[in-house]
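Following: one structure in structure tokens, then a few remarks.
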Amino acid sequence: MHLRRGLGLWGAVALLVVGHGAAATPVWAQAPNVLIIVTDDQRASDTLSVMPETRRLFARNGTRYSNAFAATPLCCPSRATILTGRYAHNTRVRTNNQATKLDPATMFPRLLRAAGYRTALVGKFMNSWPAASPPPHFDRYAVFPDGRSAYFDPRVNLNGLLHRVAGYSTTLVRRYSLRFLRRFERRDERPWLLYVAPFAPHPPSRPEPKYADAALPSWPGNPSVFERDRSDKPPFVRRLHYSLREGRAVRARQLRTLMSVDDMVGRISESLGALGERRDTLAIFLSDNGFIWADHRIGGEGKTAGQKRLPYTASIRIPLLIRWPGQVPQGATSARLTGTVDVAPTVLDAAGVAPDPAAPPLDGRSLLQPAVRDRVLLEYWRLGNSPFKTWASTRTRRFQYTEYYESGRTVFREYYDLRRDPWQLSNLLGDGDPSNDPNLSALEAQLAGDRACVGTQGSGACP
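For the sequence shown, counting from 1, position 47 maps to 46 in numbering that gives the first Met the number 0; every step adds exactly one.
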């Protein structure tokens with residue numbers, strides 16, 4: 000067991016002197032291990048209820064962020080944002096088929112590795128990444144490249160060897176994660192990064208046999224599921240007619256796959272305890288985007304389904320929990336506006352590793368520093384002939400403003416007063432009453448600036 004402690008400050012000194020005339024100790028000797036668990040398509044509302052181990056490790060012993068959002072609610076762009084701390088308009092990864100547009104030099108694992116960390120990845124890397132190609136800047140990896148078909152007997156690229164492995168994917172993710180943890184322990188003096196990304200609960204959400212018929216907490220729906228008048232919603236939303244019954248079926252499949260994820264979290268926690276690493280590990284749990292269970296009567300299967308990709312709360316709000324004993328408050332809930340763009344800055348801050356001055360600046364902010372954000376930027380780009388248009392959105396604690404685009408021009412707008420209308424039932428720009436409309440010109444100008452933002456300092460800074 001080592002005695003490392005994180006520095007938690009930007010620009011931490013690169014060397015620590017130990018004793019008069021002693022050799023300098025590298026900064027990583029004082030840095031925490033980093034564990035990041037990224038689920039796939041897990042909404043924030045009503046999913047942690049079936050994950051007692053996750054709640055125990057993270058919620059009870061760490062901080063839960065109740066206003067965490069996926070900057071782009073789609074798998075590949077979201078994961079690029081998590082790995083870089085940059086919005087999708089700066090990573091160039093805007094759709095699921097653009098993984099290779101990501102500049103590997105902008106990924107935070109590169110900086111940790113250069114600072115002395117050992118790095119490993121298990122599970123999903125990014126959609127459309129070549130199956131035989133290693134994920135950049137990971138010393139060890141077990142990548143599952145097949146997406147939707149990978150719940151049972153998936154193909155695995157294990158450190159460069161691509162082969163099919165028998166078993167349930169989440170169980171296999173757990174086994175490889177524990178294997179890498181044990182390997183890390185052989186050189187206990189060096190910190191490590193373990194990035195764990197199971198497929199669950201992404202559709203087709205096939206549960207492990209032991210959970211196929213598991214009992215679930217009841218779900219009566221919410222007011223948005225029963226929304227009758229959708230005349231104020233975009234035309235492509237009005238064409239969807241998902242029911243509570245169908246939403247419950249999707250929910251049941253997702254929750255049952257998350258039970259296996261919870262088992263995985265529990266086993267990883269046990270291993271950290273047995274290895275004496277639990278207190279010296281910064282652990283982050285989040286999802287790449289949310290998921291819609293018939294909210295606003297939206298649902299279906301495939302690329303025209305709309306269970307994500309949309310700016311509504313169920314699609315964009317994600318679970319985000321952080322545990323770091325002695326550094327992050329225990330059993331706390333934070334309402335600060337945050338999300339996927341803040342993961343990389345938080346990790347680098349904890350490790351005492353400065354961003355690369357030669358790379359584009361980070362757009363996110365460290366959660367170890369005081370809250371400074373009054374809004375979040377959300378953005379999405381249409382892929383091919385998908386019915387879901389390109390859009391961008393400003394979200395605050397008080398309101399959400401969204402613009403939809405076609406051929407470079409704004410074709411539809413939504414504005415919701417989240418204090419009076421948390422379920423987004425009444426679009427104040429579509430109710431025919433100009434007396435309750437917001438200052439549209441100010442909102443347009445602010446969103447236009449945010450869509451082109453870079454970094455967090457100076458003119459053109461990101462929110």
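Where is the CB? At the ideal position from N, CA and C, for every residue including glycine.
Since we're looking at a predicted model, the values are computed, not measured.
Item	Value
Jot down the residue ranges of each uninterrupted alpha helix (DSSP H) in the segment 84-162, minimum 4 residues, whole runs only, in chain order.	87-90, 107-113
Determine the contact status of Y400 and P233, defining contact as a CB-CB distance below 7 Å.	no
Once the 5 residues before and after P324 are set aside, which same chain residues still bring their CB inside 6 Å of it?	R278
Report the start-end ranges of each beta strand (DSSP E) in the segment 168-198 that is 3 residues or longer and not cut off at the edges.	191-196
Please list the segments of the beta strand (DSSP E) lying wholly inside the segment 321-392, counting only runs of 3 or more residues, in order along the chain.	331-338, 375-379
Does the Cβ of Q329 have 16 or more other Cβ atoms within 10 Å, making it buried, or fewer, making it exposed?	exposed
With a threshold of 6 Å on Cβ separation, who are the neighbours of F124 within its own chain once the five nearest residues in sequence on each side are excluded?	P134, V142
Pair every Cβ in the segment 108-116 with every Cβ in the segment 145-165, then say whether three or more of these pairs are closer than 8 Å.	no
So, helix, strand or coil for I317, using DSSP?	coil
Between the beta-carbon of A334 and the beta-carbon of N60, is there less than 7 Å?	no
Using the beta-carbon count (16 or more within 10 Å), is T409 buried or exposed?	exposed
Please state if the CB of P72 and the CB of R374 are separated by a distance shorter than 7 Å.	no
Taking the CB atoms as reference points, tell me whether A349 and G84 lie closer together than 7 Å.	no
For L101 versus T90, is the C-beta distance shorter than 7 Å?	yes
In or out: V371 buried (at least 16 other Cβ within 10 Å) or exposed?	exposed
Give a yes or no on contact between the segment 281-288 and the segment 31-46, applying the rule of three or more CB pairs nearer than 8 Å.	yes
For D416, does the three-state DSSP call read helix, strand or coil?	strand
Counting pairs of beta carbons, one from the segment 419-433 and one from the segment 221-229, are three or more of them closer than 8 Å?	yes
Which residues in the same chain have their Cβ closer than 8 Å to the Cβ of L47, if we skip the five residues on either side of it in sequence?	T53, R54, A58, P318
Helix, strand or coil: how does DSSP classify T455 here?	coil
Is the segment 241-254 touching the segment 434-451 in the sense that three or more CB pairs, one from each, lie closer than 8 Å?	no
Taking its Cβ as the centre, do 16 or more other Cβ atoms sit within 10 Å of D212, making it buried, or is it exposed?	exposed
Quick one: grab the DSSP three-state call for T312.	helix
Once you ignore the five residues that flank R322 on each side, which residues in its own chain have a CB closer than 7 Å to its CB?	L56, F57, N60, G61, A282
Can you tell me which of R450, M263, Q456, G457 puts its alpha carbon nearest to the alpha carbon of Y86?	R450
Figure out for me which residue from T80, G431, L171 has the closest Cα to the Cα of S259.	L171
In terms of DSSP beta bridges, what is T62 paired with?	I321, A331
I need the straight-line Cα distance from R250 to M50, nearest angstrom please.	14 Å
Based on DSSP bridge pairs, tell me the residues matched to E402.	A391, R412
Determine the extent of the alpha helix (DSSP H) in which F466 is found, giving its start and end residues.	Residue numbering for the chain in the displayed model covers 0 to 462; residue 466 lies beyond these limits and cannot be assessed.
Is N32 buried or exposed, if buried means 16 or more other CB atoms sit within 10 Å of its CB?	buried
If you follow the alpha helix (DSSP H) that I267 is in, where does it begin and where does it stop?	243-273
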